[in-house]
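Residue numbers (my numbering): 3 to 264.
For each residue, glycine too, the CB sits at the ideal point set by N, CA and C.
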């Protein structure tokens with residue numbers, strides 16, 4: 003357990019190693035852009051573990067007197083598409099170190115890293131954290147396979163990239179919660195990613211970037227699936243014709259043939 007002094011010490015220096023990030027972008031750009039089923043990458047150790055340890059200690063518990071927003075969604079037949087998910091996006095309700103990490107993930111230096119990695123220029127952060135911020139999913143929760151909204155309804159921007167940083171110590175395969183990446187025709191799950199502590203998943207978002215963790219979580223008492231989610235935008239898009247949607251496109255994907263989790 004870190005002390006308040008430890009947290010203050012972390013705030014005295016940059017949270018992210020920006021020079022290392024630029025080297026990672028150069029190293030992995032080709033692999034990112036050619037990845038299947040859509041451009042993406044999995045990076046471990048993007049954020050220093052001592053920073054994430056402190057962040058974990060500072061995230062409020064699910065039952066804390068904080069403005070957690072419960073996020074639920076259902077298919078037309080009543081089956082849960084999104085259940086037992088909590089979100090926290092109000093920066094002033096977050097501890098200073100957590101705010102600092104979010105600010106650096108929204109910084110110009112981090113945007114340069116993302117542009118060099120993905121090839122997408124003119125990236126714009128979202129200071130309002132619409133749909134992003136701190137997420138945690140409780141035992142029994144699900145997040146059906148889906149493609150995210152493509153249009154920021156407040157700023158009128160096209161959504162282009164998701165960045166997910168997982169905060170789960172010693173996560174076990176039998177608990178479920180692996181991030182699934184699906185082909186555009188929803189006939190094949192191309193990749194299953196264990197939401198391990200410190201793991202970062204970055205991927206392009208479009209109307210066909212289907213992903214989720216549709217199997218219900220089976221966590222022990224006191225364990226939730228936690229992450230930081232950040233979304234990035236451009237003023238219009240040049241990659242494909244995509245309808246401007248402000249709603250999530252939920253789908254039911256077959257779960258009988260899945261690859262091994264990484």
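- Here residue 97 is not near residue 54, since their CB atoms are 7 Å or more apart.
- It is roughly 11 Å from the alpha-carbon of residue 172 to the alpha-carbon of residue 227.
- Taking a contact to require three or more Cβ pairs closer than 8 Å, the segment 200-210 and the segment 59-75 do not qualify as touching.
- Across the set 8, 215 and 131, the C-alpha of 131 shows the shortest separation from the C-alpha of residue 92.
- When the Cα atoms are used, residue 44 and residue 72 turn out to be separated by approximately 28 Å.
- Taking C-alpha positions only, residue 255 is separated from residue 19 by approximately 38 Å.
- Taking a contact to require three or more Cβ pairs closer than 8 Å, the segment 145-152 and the segment 106-119 do not qualify as touching.
- Residue 29 is positioned such that its CB atom lies no closer than 7 Å to that of residue 68.
- Of the candidates 201, 88, 87 and 39, 201 places its Cα closest to the Cα of residue 165.
- Going by C-alpha positions, residue 56 is about 12 Å away from residue 17.
- Between the C-alpha atoms of residue 104 and residue 135 there is a straight-line separation of about 8 Å.
- Runs of the alpha helix (DSSP H) lying entirely within the segment 29-103 and spanning at least 4 residues, in chain order: 51-60.
- Residue environment for residue 77: exposed (fewer than 16 other C-beta atoms within 10 angstroms of its C-beta).
- Looking only at 34, 21 and 225, the smallest Cα-Cα distance to residue 49 is reached by 21.
- Annotated as proximal: residue 137 and residue 89, with beta-carbon spacing under 7 Å.
- In the DSSP assignment, residue 118 falls within the alpha helix (DSSP H) that extends over 110-120.
- Per the coordinates, the alpha-carbon of residue 141 lies some 16 Å from the alpha-carbon of residue 169.
- Residue 26 and residue 118 have their alpha carbons spaced roughly 9 Å apart.
- With fewer than 16 other Cβ atoms from the protein chains shown falling within 10 Å of its own Cβ, residue 123 counts as exposed.
- Annotation for residue 231: 134, 137 and 166 place their beta carbon closer than 6 Å to its own, counting only its chain and skipping 5 residues before and after.
- At least 7 Å separates the beta-carbon of residue 34 from that of residue 125.
- With a threshold of 16 other beta carbon atoms within 10 Å, residue 152 meets it and is buried.
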